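Have a look at the structure below, then the notes.
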Amino acid sequence: MSPDVMIQLEGLTIRYGNFHAVNNLDLNLYRGELFGLLGPNGAGKSSTVRVLIGQRKPSSGRAYVAGFDVQRQWSDVKPLFGYVPDRDNHFDEFTGRRNLMLFAGLYNVPEDRVDEVLKQVELSESANVVVRGYSLGMRKKLLLARALLHQPPVLYLDEPTANLDVHSAAIVHRILREHVRMGGTALLTTHNMQEVEAICDRVGILCAGKLVALDTPLALRQRHTERVVDTILAGGERRVFNLDLDSDRAILAENLKLGRVGALHTREFDFHSTFLKLTGTAFE
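Those letters in the sequence shown? Residues 1 to 284, per the UniProt record's numbering, in order.
Pasting the structure below:
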């Protein structure tokens, strides 16, 4: 395994009876990479993450983190990651700080680290408030603070910005980008297409347990954006020009030169349409 590979999946297969949730998945995630795993409900995203966090044994294949086999070397793998689930599991009767102190004890993390992560996610002023009184967004940020406590090189995040306002989502994005800038690796699942384009280095799209696309958001945009210009010509005539055709480009250029174009716009990349084209399934 290359030293740059932080997470490696080899032929990962997960079956529930006769149903293949994940089907022979090969995938490498690298140090210093923020990776977005996308797919419709039932595509295999959650099952893949469950294997990585030790909640599910694969039916076949292997998963490695930093060269350690997740199944055979769990004691070496466990300290290497922090996990932000899609649903919180806080102790509601405790304050935010006390919740973190419990986990700090498990990881032998000093108390001042608790204050650091509370500040990082902008919960310092609410640290001594009972979690039962937290908003959904505050509860989500407390999950992230908990995952960051022991400064793990790997972060797994399931819908990390769900229920967050724009400012709080920006905080999460900044933390994740800083994490990978320092050489860490982050794997997130999300339904937010703008989020994928804004912060992910690469994107993997799963459908029916198989990887149907793997590339950077920019490469996906370039590959799947329609090279078409919609125009309104003088007199109100509407024309569509395909920029991949020499004849259309020449006609459009001539109309522009003669001032015959009243308005024009290119067709924007639509991640939802791209997803539908790749998988045959609407993104839910």
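Yeah, the Cβ is synthetic: ideal placement off N, Cα and C, and Gly gets one too.
The structure displayed is predicted, hence computed values, not measured ones.
Simplified DSSP assignment, three categories, for residue i
i, result
"residue 210", "strand"
"residue 6", "strand"
"residue 87", "coil"
"residue 19", "strand"
"residue 275", "helix"
"residue 204", "strand"
"residue 48", "helix"
"residue 41", "coil"
"residue 255", "helix"
"residue 130", "strand"
"residue 241", "strand"
"residue 104", "helix"
"residue 144", "helix"
Spatial distance of residue i from residue j (CA atoms)
i, j, result
"residue 39", "residue 20", "15 Å"
"residue 179", "residue 132", "29 Å"
"residue 82", "residue 149", "8 Å"
"residue 62", "residue 35", "19 Å"
"residue 109", "residue 230", "59 Å"
"residue 182", "residue 32", "7 Å"
"residue 90", "residue 9", "30 Å"
"residue 201", "residue 154", "15 Å"
"residue 215", "residue 208", "19 Å"
"residue 45", "residue 205", "9 Å"
"residue 58", "residue 18", "14 Å"
"residue 12", "residue 211", "11 Å"
"residue 106", "residue 139", "20 Å"
"residue 253", "residue 177", "42 Å"
"residue 259", "residue 244", "22 Å"
"residue 135", "residue 232", "49 Å"
"residue 190", "residue 116", "26 Å"
Strand pairing of residue i, partner residues [DSSP]
i, result
"residue 60", "13"
"residue 28", "8"
"residue 264", "231"
"residue 76", "Residue 76 is not bridged to any residue."
"residue 187", "35, 156"
"residue 81", "154"
"residue 69", "64"
"residue 121", "BP columns for residue 121 are empty, so no partner."
"residue 95", "130"
"residue 215", "203"
is_contact[residue i, chain C] using C-beta, thresh 8 Å
i, result
"residue 37", "Among the chains in the structure shown there is no chain C, since it carries only a single protein chain."
CB-CB length for residue i against residue j, believed under 8 Å
i, j, result
"residue 160", "residue 84", "5 Å"
"residue 7", "residue 157", "Not quite, the Cβ-Cβ distance comes to about 14 Å (not below 8 Å), so this is no contact."
"residue 48", "residue 22", "6 Å"
"residue 172", "residue 144", "6 Å"
"residue 37", "residue 152", "Rounded, the Cβ-Cβ distance is 18 Å, inconsistent with contact."
Practice task
Evaluate contact between the stretch 26-41 and the stretch 70-79, counting only Cβ atoms and requiring at least three cross-stretch pairs below 8 Å.
Solution key: Cβ pair count under 8 Å is below three, so no.
Exercise for the section: Please determine if the stretch 121-131 and the stretch 92-107 are in contact, where contact requires at least 3 C-beta pairs separated by less than 8 Å. Expected result: They touch, by the three-pair rule.
Practice task
May I ask you to verify whether the stretch 110-128 touches the stretch 167-175, counting CB pairs closer than 8 Å and requiring at least 3?
Solution key: yes
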